[in-house]
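Heads up: the sequence lines are chains L and G, in that order.
Quick note on the working numbering: the first sequence kicks off at 64 and runs consecutively.
Quick note on the working numbering: the second sequence kicks off at 64 and runs consecutively.
Using N, Cα and C, we set each Cβ at its ideal position, and we do this for glycine too.
2 protein chains.
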Amino acid sequence: MPLDLRPSDALGLWHAATLEHVRVIGPDLTIRQLAILLHIYLAPPPHTVRGLAAMLGVTKPVITRALDTMGHMGLVRRVRDERDRRNVIIKRTVEGALFVEKLGDIIIAEGRKLSLSEGSGA
Amino acid sequence: MPLDLRPSDALGLWHAATLEHVRVIGPDLTIRQLAILLHIYLAPPPHTVRGLAAMLGVTKPVITRALDTMGHMGLVRRVRDERDRRNVIIKRTVEGALFVEKLGDIIIAEGRKLSLSEGSGA
DNA sequence: CTGCATCATTTCGGAACCGAATTATACTGA
DNA sequence: TCAGTATAATTCGGTTCCGAAATGATGCAG
């Protein structure tokens, strides 16, 4: 069952939730970092630097730097792959899970406040 | 009619659309800038620096800098308020409208791809 | 017309991010 | 063992953003 949003609804939700995101969470996360974080927490592991870089269409240093920053915030954790010690496996943390959950709460709350245009199904 | 999203749906949509945002649009917009842009295009005018700053809970230089950047990208336009020449009115542009529309397309497309969890209405 | 209030902008030092190129480490196959 | 390949991390110069404070421009009240 797909989610069929109308343009005004989609943008309205984005508007409200992004606004609340800035208000509650602040400027401490770029869009790239947010995309990386969500992917780590929502897509099935394992996650590697190389895989994330390919996923987003960015270079590997972008991922490394984002992991530095988010690691320092406690949102993710790096672990060497013992099978192939060249690889780094990115692990989730409790703090990161809470962060993602809070973001979900914001989206849900703003979605609930929205008055959706309805009826135009035809 | 509110939009009642479940956590996995809300975050799934955010995940997919943010990922696509990074892939298509790139890093040239911060979350704050995005929030400002969406507010300008979705909330009724007029928009002032002061109003936007209060809305987002940030200082005015943040807005000024964001308008510099987005103005340079052609996404917004500044006009002096002739009634009170201390004020700056932020106007929309064709290019900005196209940008917002494109973002809406991304969200709608990703929403349509989602398989929503359903039935849990109770 | 003079002082005060209210706009937006600019400046400052510090931090983060950007892309591109380079480095360091580890695996692989001859 | 010894290239050759693949991984992540680091360095480089330049740009942008950050918050806080200072500046400039305009309006307002006496």
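The alpha helix (DSSP H) spanning residue i covers which residue range?
| i | result |
| --- | --- |
| residue 128 of chain G | 123-135 |
| residue 67 of chain G | Residue 67 of chain G -> no alpha helix (DSSP H), and no H or E assigned at all. |
List the residues that DSSP assigns as beta-bridge partners of residue i.
| i | result |
| --- | --- |
| residue 111 of chain G | G/152 |
Would residue i pass as a contact of residue j if the rule is Cβ separation under 8 Å?
| i | j | result |
| --- | --- | --- |
| residue 72 of chain G | residue 177 of chain G | yes |
| residue 103 of chain G | residue 155 of chain G | yes |
| residue 78 of chain G | residue 94 of chain L | no |
| residue 139 of chain L | residue 101 of chain L | no |
| residue 123 of chain L | residue 129 of chain L | no |
| residue 134 of chain G | residue 143 of chain G | no |
| residue 120 of chain G | residue 86 of chain L | yes |
| residue 161 of chain L | residue 81 of chain G | no |
| residue 173 of chain G | residue 92 of chain G | no |
| residue 70 of chain G | residue 167 of chain L | yes |
| residue 105 of chain L | residue 105 of chain G | no |
Span of the beta strand (DSSP E) holding residue i?
| i | result |
| --- | --- |
| residue 86 of chain G | Note, residue 86 of chain G: premise wrong, no beta strand (DSSP E); alpha helix (DSSP H) at 70-88. |
Would you please state the rounded distance, in angstroms, between the beta carbons of residue i and residue j? I believe it to be under 8 Å.
| i | j | result |
| --- | --- | --- |
| residue 111 of chain G | residue 152 of chain G | 7 Å |
Taking DSSP as the reference, what is the three-state secondary structure of residue i?
| i | result |
| --- | --- |
| residue 143 of chain G | strand |
| residue 168 of chain L | helix |
| residue 92 of chain G | coil |
| residue 177 of chain L | coil |
| residue 106 of chain G | coil |
| residue 120 of chain G | coil |
| residue 161 of chain G | helix |
| residue 101 of chain G | helix |
| residue 185 of chain L | Its pLDDT being 41, under 50, residue 185 of chain L is placed unreliably by the model, and nothing is read from it. |
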